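Asks:
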Amino acid sequence: MLGPLKRQIAASLAREIHDRFGVDHDPVVEIPPRRSLGDLALPAPLHLARVLKRRPREIAEELAAAWRPPGELVAELRVEGAGYLNLFLDRSRFAAALLDAPLLPGAQEESAGEAGKIVVEHTNINPNKAAHIGHLRNAILGDLLVRCLRALGRRVEVQNYIDDTGVQVADVVVGFCDLEPTSLADVKALPEPFDYTCWDLYARVGRWYEEDPARLELRRKTLHQLERGEGERAEMGRLVAQRIVARHLRTMARLGIGYDLLTHESHILALHFFAVAYEQLVARGALRLESEGKNAGCWVMPLEGTEEFAGLEDPDKVIVRSDGTITYVGKDIAYQLWKFGLLGKDFGYRYWMDQGVWVTDVEGAEDHPSFGGAREVVNVIDARQSYLQKIVRAGLAALGHDEAARRSVHFAYEMVSLSPATARQLGVASEDGKAQEMSGRKGIGVKADDLIDRLEEKAREEIAARNRELPRAELAELAREIAIAAVRFFMAKTGTTRVIAFDLDEALDFEGDSGPYLQYALVRSRAIERKVAAAGKGGTLDPRAAGALPRELWDDDLWDLVHAAAQIADTVDKAAATLELSLVARHALELAQRFNALYHHHPVLHEEDAGKRHVRRVAFAVFARALGALADLLGIPAPARM
RNA sequence: GCGCCCGUAGCUCAGCUGGAUAGAGCGUGAGCCUCCGGAGCUCAAGGUCACAGGUUCGAAUCCUGUCGGGCGCACCA
769 MLGPLKRQIA ASLAREIHDR FGVDHDPVVE IPPRRSLGDL ALPAPLHLAR
819 VLKRRPREIA EELAAAWRPP GELVAELRVE GAGYLNLFLD RSRFAAALLD
869 APLLPGAQEE SAGEAGKIVV EHTNINPNKA AHIGHLRNAI LGDLLVRCLR
919 ALGRRVEVQN YIDDTGVQVA DVVVGFCDLE PTSLADVKAL PEPFDYTCWD
969 LYARVGRWYE EDPARLELRR KTLHQLERGE GERAEMGRLV AQRIVARHLR
1019 TMARLGIGYD LLTHESHILA LHFFAVAYEQ LVARGALRLE SEGKNAGCWV
1069 MPLEGTEEFA GLEDPDKVIV RSDGTITYVG KDIAYQLWKF GLLGKDFGYR
1119 YWMDQGVWVT DVEGAEDHPS FGGAREVVNV IDARQSYLQK IVRAGLAALG
1169 HDEAARRSVH FAYEMVSLSP ATARQLGVAS EDGKAQEMSG RKGIGVKADD
1219 LIDRLEEKAR EEIAARNREL PRAELAELAR EIAIAAVRFF MAKTGTTRVI
1269 AFDLDEALDF EGDSGPYLQY ALVRSRAIER KVAAAGKGGT LDPRAAGALP
1319 RELWDDDLWD LVHAAAQIAD TVDKAAATLE LSLVARHALE LAQRFNALYH
1369 HHPVLHEEDA GKRHVRRVAF AVFARALGAL ADLLGIPAPA RM
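Residue numbering for the first sequence follows this note's numbering, beginning at 769 and increasing consecutively.
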């Protein structure tokens, strides 16, 4: 809502500046720090001062005298501070427009397809153990991005990559085949939670290797069978991966996170995706067979000489190992090519009925949606893999796909470690007050389902403490909604470049900047409107009537709330463009804080003056729309009561 | 050695492409429920924005360097 207005104003001022001073200047439109200074600020005179060699204030005065801002929403223009041109909006008209105007472009965007499809890959948990809170950060950020892009009108396909032929699965297979021999049928019959069972087994296998490194031979043997897809170990691998993936999907579904397609590494191998990429890479001279040195017998991608890879100790990256197997990067280059529709090969697809999701297969169904063929690809992967993602891009570029390389985005975020206190609670010795890194291999970490369970339990306690008596099913549902809000907001509120030292007590806190705080503000505002309606003082808010309300009725704090609500499209746009998704969470928090700070002073039900009541209802309605929209993006449910 | 990220209140973090008086939450101290829901609100205390230079009318923000801390630079992913 504010966005188009800002653009319109900037364009108009640019024309005025051009006509008056003969200078091309693209004016910035800012939000002043205090509303008393104005609703929009144009620092153009400050920027022009240098070029024109005049005082900013003087330029501002001249422009203010001559320029007339466009549209009906600007009520006043003033010169402020060092030379700002500040605009004041018509509060009633502006607020009235926000009662029914689309807050985000998504719904109205008819031409969504024209910008092309974006493939977003996230979650990507190795299917050999339970998901932990590190994986949660990935999935929550990925899902938030997907929701933002869709709200902005983009067409998005969500993929979750399943590495079902990697070392991690191999280790659990070794656990079931060698360390603690268990038949296929018995593994199939193991009770849930199967992912918890494997979590422990995986850690035991790690220790078992350490006792006798010769046992690593079993891993190699298993890995080979997994890659070939034949033999008892491959069968075991398929079973483990399938059962674990089912658990991961369930965990994510608890949080409202879903996928369009599960891509399996085993199918990339079985369909020889890499062979196609390999031929192209060799033909282009991007791969070289080493005959001597430490990489003898390997096909490597030379990275020397490129600016991006300057200063590397080893300027070559192994793509095909000397035993003929393919490294992760090699497979990923082929996969990335497929995502862009540049491989010239496709998967088979099968609908996994039990989970309600499409999965790749070797042959698959006749009828299936079209997957891949994206214009842009976003891979949500933690920052530690930046180097590998750079190599994938370099691979695309080496094949001449510069455009695709440019449109390959690595959405990097920092990892989640454990706070000293939480590490201690898990029985892990933290080193002199420093955060403790999680380790699937060592079985150190907070499992995602454990966290959600704890949050639901805490929510039930909080509800009980408020003496709310609810039927059992409603209680469970409400606790679930509160838990989702807590965990999703917790992961979304921190900037992506920051390592999260996960602290359980902090995550379990429902006060302050938390998901439940947002929910509560939303619930309260809706309760007010409900009670007003029940008292017969409600009725549909008419934008025309609201637009004609006298200016004096708008107290500054009410107006601030509306002003902040009007910025959500700009915030979401910026969040998606910069991949700093915490902006969405922060904005939701800001709105909730503003509302909480003022609603005491602005009663609706008990207000005698009809005009005041009307203005407050308008402001609160705009607020509820905006916070509701942000909560949707954040995946935070809005309970009717709590 | 090279690369990326971080350093802002006791703690956890915001601070948008340089701009107006550096802000929240937690914690601490003091208050606020005859009044639409207290998962809330108000007030107070708390800051050499790691350090040093530089650019600029103006720097927490941009540049260079230094010092701390984290993470990468595998025939693991």
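Glycine included, C-beta positions come from ideal geometry on N, C-alpha and C. Here the structure is a predicted model, which is why all the values come from computation and not from measurement.
Taking only runs that begin and end inside the segment 838-863, name each unbroken alpha helix (DSSP H) of 4 or more residues, in chain order.
Replies: Whole alpha helix (DSSP H) segments, 4+ residues: zero.
Asks: Need the endpoints of the alpha helix (DSSP H) that Y1117 sits in, please.
Replies: Here Y1117 belongs to no alpha helix (DSSP H); instead the beta strand (DSSP E) covers G1116 to W1120.
Asks: Give me the residue from Y1046, M769 and G771 with the minimum Cα distance to Y1103.
Replies: Looking at the Cα atoms, Y1046 is the closest of the given residues.
Asks: Compare the beta carbon distance of A1014 and Y964 with 8 Å and say whether it is the shorter of the two.
Replies: It is not a contact, given that the beta carbons lie outside the stated cut-off.
Asks: Determine the extent of the alpha helix (DSSP H) in which Y964 is found, giving its start and end residues.
Replies: Counting along the chain, the alpha helix (DSSP H) containing Y964 begins and ends at F962 to E979.
Asks: Mind reading off the beta-carbon distance from V1352 to L912? Whole number of angstroms is fine, and I expect it under 8 Å.
Replies: With a Cβ gap of about 7 Å, V1352 and L912 count as contacting.
Asks: The beta strand (DSSP E) that contains F1363, what's its start and end?
Replies: No beta strand (DSSP E) contains F1363, which is instead part of the alpha helix (DSSP H) from S1350 to L1366.
Asks: Going by C-alpha to C-alpha distance, which of V1300, S1034 and M1410 sits closest to R1381?
Replies: Checked all of V1300, S1034 and M1410; the closest Cα to R1381 is V1300.
Asks: Could you say which of A1251, D1273, V1177 and N1235 lies nearest to Q1193 if we only look at CA atoms?
Replies: Among A1251, D1273, V1177 and N1235, the Cα nearest to that of Q1193 is on D1273.
Asks: Pick from K1062, I1336 and P838: whose alpha carbon is nearest that of L855?
Replies: The candidate whose alpha carbon is nearest that of L855 is P838.
Asks: What's the gap between the Cα of G1006 and the Cα of I1159?
Replies: The sequence shown places Arg at residue 1006, rather than the Gly named in the question. Whole-angstrom Cα-Cα distance: 29 Å.
Asks: Can you check the segment 786-833 for any alpha helix (DSSP H) of at least 4 residues that lies completely inside it and give the ranges in chain order?
Replies: Counting only runs of 4 or more, we get 812-820.
Asks: Measuring CB to CB, does I901 end up less than 8 Å from A1142?
Replies: The answer is no: Cβ separation not under 8 Å.
Asks: Is the CB-CB distance between L1329 and L1373 below 8 Å?
Replies: Their beta carbons are not under 8 Å apart, which means L1329 does not touch L1373 by this criterion.
Asks: Measure the alpha-carbon distance for Q1287 versus D931 and round it to whole angstroms.
Replies: Looking at the two C-alpha atoms, the distance is approximately 37 Å.
Asks: Count the other C-beta atoms from every protein chain shown that fall within 10 angstroms of the C-beta of R1234, then say buried if there are 16 or more, exposed otherwise.
Replies: Under this definition R1234 is an exposed residue.
Asks: Considering Cα atoms alone, identify which of K1099, I1404 and K821 is closest to A1251.
Replies: It is I1404 whose Cα lies nearest to the Cα of A1251.
Asks: Please report the straight-line C-alpha distance between I777 and L1395, rounded to a whole angstrom.
Replies: Taking the straight line joining both Cα atoms gives about 26 Å.
Asks: If you count every other CB in all the chains shown that lies within 10 Å of the CB of H1040, and 16 or more means buried, which is it?
Replies: By the neighbour-count rule (16 or more Cβ atoms within 10 Å), H1040 is not buried but exposed.
Asks: Where do the N-terminal and C-terminal ends of the alpha helix (DSSP H) with N894 fall, by residue?
Replies: No alpha helix (DSSP H) contains N894, which DSSP labels as neither H nor E.
Asks: Got a sec? Which residues, its chain only, sit under 7 Å from A1172 by beta carbon, not counting five neighbours each side?
Replies: Cβ neighbours of A1172 beyond the five flanking positions: F1108, L1110 and L1164.
Asks: Between the segment 1223-1240 and the segment 979-997, can you find at least three pairs of beta-carbon atoms closer than 8 Å?
Replies: Output reads no: the segment 1223-1240 does not touch the segment 979-997.
Asks: Is DSSP giving G1132 helix, strand or coil here?
Replies: In this structure, G1132 counts as strand in the three-state DSSP scheme.
Asks: How many Å lie between V1291 and L1359 at the Cα?
Replies: Their backbone Cα atoms lie some 13 Å apart in a straight line.
Asks: Is S1059 helix, strand or coil by DSSP?
Replies: Here S1059 sits in coil by DSSP.
Asks: For the alpha helix (DSSP H) containing T1019, list its first residue and its last residue.
Replies: Looking at the DSSP string, the run of the alpha helix (DSSP H) that includes T1019 is E1000 to R1022.
Asks: Near A1316, which residues of its chain fall below 7 Å by C-beta distance, leaving aside the five closest residues on each side in sequence?
Replies: S860, listed in sequence order.
Asks: Three or more C-beta pairs closer than 8 Å, one from the segment 1084-1092 and one from the segment 1125-1141: is that the case here?
Replies: They do not touch, by the three-pair rule.
Asks: Would the beta-carbon of L857 fall within 8 Å of that of D807?
Replies: Against a cut-off of 8 Å, the Cβ pair of D807 and L857 comes out as a contact.
Asks: By how many angstroms is the C-alpha of K1099 removed from the C-alpha of Y1155?
Replies: For Y1155 and K1099, the distance between alpha carbons rounds to 15 Å.
Asks: Excluding sequence positions up to five away, which residues of its chain have a Cβ less than 6 Å from the Cβ of V926?
Replies: Counting only Cβ-Cβ distances below 6 Å, and skipping sequence neighbours, we find V888, V914, Y1027 and D1028.
Asks: Assign H1178 to buried or exposed, taking buried as 16 or more other Cβ atoms, counted over all protein chains shown, within 10 Å of its Cβ.
Replies: That one is buried.
Asks: Among the residues of its own chain, which have a CB less than 7 Å from the CB of L1401, if the five just before and after it don't count?
Replies: Closer than 7 Å at Cβ, skipping near neighbours: L912, R915, C916, A919, V1340 and V1352.
Asks: Could you have a look at Y1096 and say whether DSSP puts it in helix, strand or coil?
Replies: Note: Y1096 maps to helix in three-state DSSP.
Asks: In angstroms with no decimal places, state the Cα-to-Cα distance between P800 and L814.
Replies: Between P800 and L814, the C-alpha separation is close to 15 Å.
Asks: Does P1284 come out as helix, strand or coil in the three-state DSSP assignment?
Replies: Helix at P1284.
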